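Asks: Before I ask anything, let me first share the structure, which is written out below as structure tokens.
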Amino acid sequence: MTAQQDVQRPAFPFHGNVRPIINEVLHAVDRLLETDEATTIDLAGLPFGPGELEYLEAALGTGELSAKLDALGTSRIRETAFPGVWWLEHRNAHDEVVGRYLEITRTPEILSSQDVDIIAGRARLEDQFA
Amino acid sequence: MDLLAFAKGPALQVAAYIFVAGSIWRIVGIVLLKEKVDHSEPRKSGGLMAALKVIYTRSFTASPFKRATLYPKMLAYVQHLGLFAVIFLFVPHIMFFEGFLGFSWPGLPNNIIYLLGVAAVAASIALLVRRLTSPVLKLISNFDDYFSWFVTVLPLVTGLMIPVRMGFRYEDILAVHILSVVLLMLWFPFGKLGHAFLVFVTRGTTGMVFERRGAKT
Amino acid sequence: MKKRPTVGEILQAKGVSRRGFLKYCATTASILALPPSMIPRIAEAIENTRRPSVIWLSFQECTGCTESLTRSASPTVEGLIFDAISLDYHHTLQAAAGDQAEAARHAAMEENEGGYLVLVDGSIPLGNPGFSTIAGMSNVEMLKETVAGAAAVVAIGSCAAFGGIPGADPNPTGAVSVMDLVTDKPVINVPGCPPIPMVMTAVLTHFLTFGTIPDLDKHGRPMTFFGTTIHDRCYRRPFYEQGKFAETFDDEGAKAGWCLYKLGCKGPTTYNACATTKWNSGTSFPIEAGHPCLGCSEPNFWDGGGFYEPLSTGRFDSGTKLAGAAAAGVALGVAAAAAGRSKQAKFTKEG
Amino acid sequence: MTTVDGRHELDREAERLAYKPPEVRHDKQGDMPSEERINQAMHHFVKNFNTQTASYLDGCLHCGMCADACHFHVRTDDPRYTPIWKIELFKRTYKRQVGPFAFFYRLLGLKRHVSIEDLEEWQHLLYDSCTVCGRCSLVCPMGIDIAGLVSMARHGMFKAGLIPHELHEVAKTASETGSPLGITGDKFAERADWMGDEHDVEIPMNKEQADVLAVMSSIEINKYPESMAATAKILNAAGESWTFRTDGFEATNFGMLSGNPDWQKASTMKIIDAAVKIGAKTVVLPECGHAYMALRWMGANMYGKPLPFKVLHISEYMADALNTGKIKVKKVDKSVTYHDPCQVSRRGGATQAARDVIKHLGVDFREMEYGGDYNWCCGGGGGVVTIKRADPLRHRVFKLKMDQVEKTEADQLLSSCANCRQSFDDSQQHFNWDYTMGSLMEMVAENLEEVQS
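Residue numbers (the working numbering), protein chains in the order written: chain A, 13 to 142; chain H, 641 to 857; chain X, 820 to 1170; chain F, -17 to 435.
Right under this line is the structure:
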């Protein structure tokens, strides 16, 4: 079997790098439930073999909620099939991926409107209908 | 030149020369002493087969001594088999040997090697404790025994530190590991570690002498 | 010194929202390999740090490092140049040429005296100044002149960091690294042949984010990217532990993506971020492509043994010299035995 | 424990670990200055270093397992009785003088020169506490024949005049009179005559020509003279052309035991010369262990060439005669256990012979636990039984033997060594023990049957 075929038919765990991440997610979920503490896992710092990242993404699946953010390029924020586990992907203006994160939280911080923006928005709203 | 290059290069090279020269020196120095001629009428043919027989059979304990020597023998087995596996069946070591022998052989998975290495270190420590506490061993032990222990265990420990790292850098630990092997090689021919090759001579000699008499070997 | 805008101000001026700013900070943390918990600190730093002036000097080099730099995705080199730094001198990227270019360098040095960064790629020949000159100035002179007023120097690529190919045996130009010449300023080495684009930009990002020199290892490399070995972070590491090795480049093991140790992989002794940051916007890295790591970010990697020679191979000449040692052993053994026997003979005679 | 077995030594005070051997007397022969003694010891140690001894002395791992095989150590837990420690001086001298790295050892002073105090201390270790039984040689993982090294180390001790007085006296007497007990040829002939009359058996003496030369041990001549009659009965029954010789009757070799190769050779040569003179095809050795080692395995080497005759221990002779039907024995309705003389069985290779004989006797044979080649020594071999000051230690060690014998619950204890028999008798008396050592040869002689022709 070639590595290429591996990608098409991922057999878990083919390089053994996915399992530890799942463990970490499980611990983070426990923490969230017990102490309300959110966890962010930066996937850029972790080793992945061919197809493993894709496998992880596919395995976590898509949940009920997903969002698209347009700021300095596109970002996609979606809850995975496992509530509380969020998949965040930031892209730059050239649509190149610049960051991938797993956030274990109730709502990712980046979804909330920020005070600075709210204040600026309020001013713009007032201006617009002045 | 950094430490690793020094260890892999000149240090190992000098160690190899001394190892080879010293080992041969010792063997030749013994073998060329006057030979003991035995004119007695043999009961059985001794010869090479007898030597080989005892080289093999003395690897095991005769039943009357089993109970008394069980503990140190078990430790020694773990230590020796562990050392054998670690030295000759660890893939990077096989690559090392292949580097100058030109051929290789299958190795064991590293995980198993680590386990055997830890077992060998544990057994060595237990043997050292025995040497330090047993009245017999305290009496008969000398510098050679302790130093040989040290130079044998050091490469094991430094080798096991490579995967664990313990805050040290890989190439530094690797260099220290190789240097510890250099130390081992430098001491090997001159101290009791020479038993690795002398065992064939001593067991073989006894095999030939006593088998000839038809006596227990 | 002219007061330069902070990165935060630049982003604000471009109409980037706070949310976008947070995203920017998150990706910056990611670039710097800092834990996500550091994001607030980064946000604070970015809001307050001013855009530094950067002078890029190219000596005995192949422009591979610049080529690599331009492939950076995060931040992109444009983003970097336009938003984060003021790249005032760079042979390949600048529009100016000739006297104009040199004038720009001098202007930047004067304006930012004591605060600008000098980036160097390529090694510096000490053999004959004529081996490499720029605008009639020898490399070593230009380096000394430029570095004099700099805040720090970044040696980009293995040539600048350690001498690289020009410095390899027999080193015909007498090439030396930046560290060899600059001893009174902080020098950050970003080795690699070439360095990972993101690592180069990240080092700059660190400097402009925190205004400080990152923690360096014993070879002057930022610990963040050169703190762990390729081997430690390699996705094929489990195969190493299981004893599954590719024996040749076309065997089943190679096809199955097994460990390349036996094919000479220098991953265990090579400190770099390839295994996680990867290349071409995180697409792959040499081991993933089936080739052992060459160890290009290590000092003397050209002279450190064959690329395809397993790491554990001893480096000694075998054969004849060893046979010589064996012969010496025989001679010593014969002498020892003879001495012993003569002693016995003497004692026998003495009774 | 509620009952005390009165036969056994009570050991209340002498805890095993705290056991201190009694104050040792250091015997000295001659009036050499210490320097000369050291020199002599060294010279005669050094003469023994050949390829074989060198590999042994170079190969020791200091694993200490030999201690577990040595009766002296097992019974006392005194680490000095570790077999390899007994040859420490010998080993040290080897490393310093002859070993491959002797130059360095001397140059760097790594191995101390042997001192007179060392030698005095080792007198006790090389003589009193070693019977050269060779049990340690079987446990050694390196296969080192430690017992053989002890014998060689004794050469240096003898020449240095540092051996136990009694052993020296016995050996000296043997060299002067031909017998360790001072028995002359005439006295031997006289005894043989008497025994012949007493047991009504023809004992040929000083025949000019004979196929078989039989020799005796002084212990037998003196203490167990029936052995002479028994030997004669067996050889007569087998129809051998045989004889005793007054010029070569002594089988014991105290030159060997004490460590004087010259005396050893002289003793051996008497037998060889007598055998050659009468054209003997076979020399039958008596029930004596070390005699077997001295003639069967070392005789030819003393002679410098192969012996022109076969050498058989009496047990081997009997086994052969019984197996081939030359003699026959009646069945004996007894349970019997057999004590193997170390030099005949373990070190001599004739373990099976006694068992063949016992089988022909049809007794209920009860092998001791680890009998045969791994047998515990009687404690009196290697000349130890002659050393009076070693008696307490020897008795202490004999306990192992007693346990081994008692476990068999056999009616009769047999052996085929007068020296063993002597130390059994002595220990029996000391402990007021039930078992009396018997002679295998005598049992055969008593139960001989006419061979139907």
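We treat Cβ as the ideally placed atom computed from N, Cα and C, and that holds for glycine. Since the model is a prediction, treat every value here as computed from it, not as a measurement.
1. Have a look at 798/H, 823/H, 825/H and 824/H and flag the residue whose alpha-carbon is nearest the alpha-carbon of residue 812/H.
2. From residue 867/X to residue 1030/X, what distance separates their C-alpha atoms?
3. Would you kindly work out how many angstroms separate the C-alpha atoms of residue 114/A and residue 859/X, rounded to a whole number?
4. Mind listing the chain H neighbours of residue 283/F? Cutoff is C-beta to C-beta under 9 Å, in chain order.
5. Which runs of the beta strand (DSSP E) spanning at least 3 residues fall entirely within the segment 265 to 342 of chain F, listed in chain order?
6. Compare the C-beta of residue 15/F against all C-beta atoms of chain X and say whether one is closer than 7 Å.
7. Could you check what DSSP says for residue 951/X in three-state terms: helix, strand or coil?
8. If contacts are defined as beta-carbon pairs under 8 Å, then residue 344/F and residue 314/F qualify, I think. What distance do you get, rounded to the angstrom?
9. Pick out whichever of 247/F, 124/F, 262/F and 266/F has its Cα sitting closest to the Cα of residue 880/H.
10. What would DSSP say about residue 677/H, mapped onto helix, strand or coil?
11. Using a Cβ cut-off of 9 Å, which residues of the segment 989 to 1016 of chain X contact any Cβ in chain H, in chain order?
12. Which residue from 381/F, 425/F and 393/F puts its Cα closest to that of residue 414/F?
13. When the Cα of residue 62/A is compared with those of 1117/X, 1109/X and 1133/X, which residue comes out closest?
14. Would you report the Cα separation of residue 32/A and residue 895/X, rounded to the nearest angstrom?
15. In this structure, what does DSSP give as the bridge partners for residue 431/F?
16. Helix, strand or coil: which one does DSSP assign to residue 53/F?
17. Do residue 405/F and residue 377/F count as a contact pair if the criterion is CB distance below 7 Å?
18. Would you call the CB atoms of residue 147/F and residue 9/F closer than 7 Å?
19. At least one CB of chain C closer than 7 Å to the CB of residue 299/F: is that the case?
20. Is any non-hydrogen atom of the ligand FAD found closer than 6 Å to the C-beta of residue 94/F, if you look at the structure I gave you?
21. Using the beta-carbon count (16 or more within 10 Å), is residue 653/H buried or exposed?
22. Put residue 944/X into one of helix, strand or coil per three-state DSSP.
23. Quick one: list the residues of chain F neighbouring residue 1184/X, beta-carbon separation under 7 Å, in chain order.
24. How do the segment 723 to 734 of chain H and the segment 691 to 709 of chain H stand: do at least 3 beta-carbon pairs fall below 8 Å, yes or no?
25. Can you check DSSP and say which residues form a bridge with residue 799/X?
26. CA-CA distance, residue 1167/X and residue 139/F?
27. Given a limit of 7 Å on CB to CB distance, which residues of the segment 30 to 47 of chain F reach chain H?
28. Residue ranges of each alpha helix (DSSP H) run of no fewer than 4 residues wholly in the segment 1029 to 1067 of chain X, ordered along the chain?
29. Just the chain X side, please: which residues come within less than 9 Å of residue 84/F by C-beta, in chain order?
30. Give the residues of chain F in contact with residue 1072/X, contact being defined as C-beta atoms less than 9 Å apart.
31. Could you work out which residue in 941/X, 842/X and 1085/X is closest to residue 985/X when comparing CA atoms only?
32. Hey, is residue 14/A's beta-carbon within less than 7 Å of any beta-carbon in chain X?
33. Just to confirm the assignment: which complete beta strand (DSSP E) runs, minimum length 3, are found wholly within the segment 971 to 1014 of chain X?
34. Counting contacts by CB-CB distance shorter than 7 Å, is residue 80/F in contact with chain X?
35. Is it buried or exposed, residue 711/H, if we count other Cβ atoms within 10 angstroms and call 16 or more buried?
36. Residues in the same chain with beta-carbon distance under 7 Å from residue 412/F, minus the five sequence neighbours each way, listed in chain order, please.
Replies: Result, derived from the coordinates:
1. 798/H
2. 10 Å
3. 18 Å
4. 676, 677, 678, 679 and 680
5. 292 to 295 and 317 to 321
6. Not a single CB atom of chain X sits nearer than 7 Å to the CB of residue 15/F.
7. coil
8. The Cβ separation is near 6 Å, so the contact holds.
9. In this structure chain H extends from 641 to 857, so residue 880/H is not present and cannot be described.
10. coil
11. none
12. 381/F
13. 1109/X
14. 32 Å
15. 310/F
16. helix
17. no
18. yes
19. Absent here is chain C; the protein component of the structure consists of chains A, H, X and F.
20. No copy of the ligand FAD appears in this structure; indeed no ligand is present at all.
21. buried
22. strand
23. With chain X covering only 820 through 1170, there is no way to say anything about residue 1184/X.
24. no
25. The first residue shown for chain X is 820 and the last is 1170, placing residue 799/X beyond what the model contains.
26. 16 Å
27. 31, 32, 33, 34, 36, 37, 38, 40, 41, 43, 44, 45, 46 and 47
28. 1042 to 1045, 1049 to 1052 and 1056 to 1061
29. 1155, 1158, 1159 and 1162
30. Result: empty, since nearest Cβ-Cβ is about 41 Å, beyond 9 Å.
31. 941/X
32. For residue 14/A, the predicted model reports a pLDDT of 41, less than 50, meaning its position is unreliable; a value from the coordinates is still stated below. Closer than 7 Å to some Cβ of chain X, the Cβ of residue 14/A qualifies, so yes.
33. 1006 to 1009
34. yes
35. Per the 10 Å Cβ criterion, exposed.
36. 377
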